[in-house]
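Shown next as structure tokens:
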């Protein structure tokens, strides 16, 4: 993959998230935005290894996200002298060794970001909205897609295992909770143009009451030419690609 593709693709996925209008059915968009920002080389610097991608779906690899989540957990529990270095220390280090100072500044910015921002997916929980309480699970699928399952009911429900829940069809999920409203949303896979460039992402919502709804959130330059039967095509403004130095 071209060295600038990861950053460009992360920016496109963030733009696609901003264009979604799925309400509570969508996975936690704040966590996803923070995760995509933290994976961007411009912020993470050398704090993580090379960002992995699932080529079949065009999504960041679950392993890369797991590494990021682990780094955040460590940052919240273990002291990081570089991250806590005061401005005076950064300036002094920069005057003595500009390269070291730049690394310290990058590390400090990154660790402060992950300390202050929750990352995806988060814990399963009961979320209450205008329709009452919902069991809510967010998950990263094995191929990198992001999902949310919501089941209406009460705190007396016993949660399903997340992995099992995403393998079940919407009918199977409904059978587990007879007469309860059951909803499942999956964001991904990515959508490519004729040149193999990532230009958008699919979003699918299944529910007992509304059936299946599919959206293709796509670069506006491509959206006008797409005939996606059975799907709503949502154009997005894609950031300009970064230029090779």
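Residue numbers (our numbering): 4 to 248. Glycine included, C-beta positions come from ideal geometry on N, C-alpha and C.
Residue j beta carbon less than 8 Å from that of residue i
i	j	result
residue 238	residue 226	yes
residue 8	residue 50	no
residue 124	residue 146	no
residue 138	residue 190	no
residue 10	residue 45	yes
residue 206	residue 39	no
When the options are compared against residue i, the one with the closest alpha-carbon
i	options	result
residue 14	74, 43, 233	43
residue 169	183, 181, 153, 19	153
residue 19	120, 208, 222	222
For residue j and residue i, the rounded distance between their alpha carbons
i	j	result
residue 122	residue 131	21 Å
residue 6	residue 56	Residue placement at residue 6 is poorly supported in this model, since its pLDDT is 47, which falls under 50; the coordinates still yield a value, given next. Taking the straight line from one Cα to the other gives about 13 Å.
residue 188	residue 31	11 Å
residue 136	residue 70	32 Å
residue 17	residue 27	18 Å
residue 224	residue 114	36 Å
residue 215	residue 179	19 Å
residue 160	residue 185	13 Å
residue 12	residue 204	11 Å
residue 292	residue 240	Residue 292 lies beyond the stretch modelled for the chain, which goes from 4 to 248, so this question has no answer here.
residue 66	residue 33	20 Å
Whole-number beta carbon distance between residue j and residue i, since they are thought to touch under 8 Å
i	j	result
residue 22	residue 220	5 Å
residue 211	residue 172	Not quite, the Cβ-Cβ distance comes to about 12 Å (not below 8 Å), so this is no contact.
residue 61	residue 192	6 Å
residue 129	residue 75	Incorrect: roughly 24 Å between the Cβ atoms, too far for contact.
- Pair every Cβ in the region 160-171 with every Cβ in the region 190-208, then say whether three or more of these pairs are closer than 8 Å. They do not touch, by the three-pair rule.
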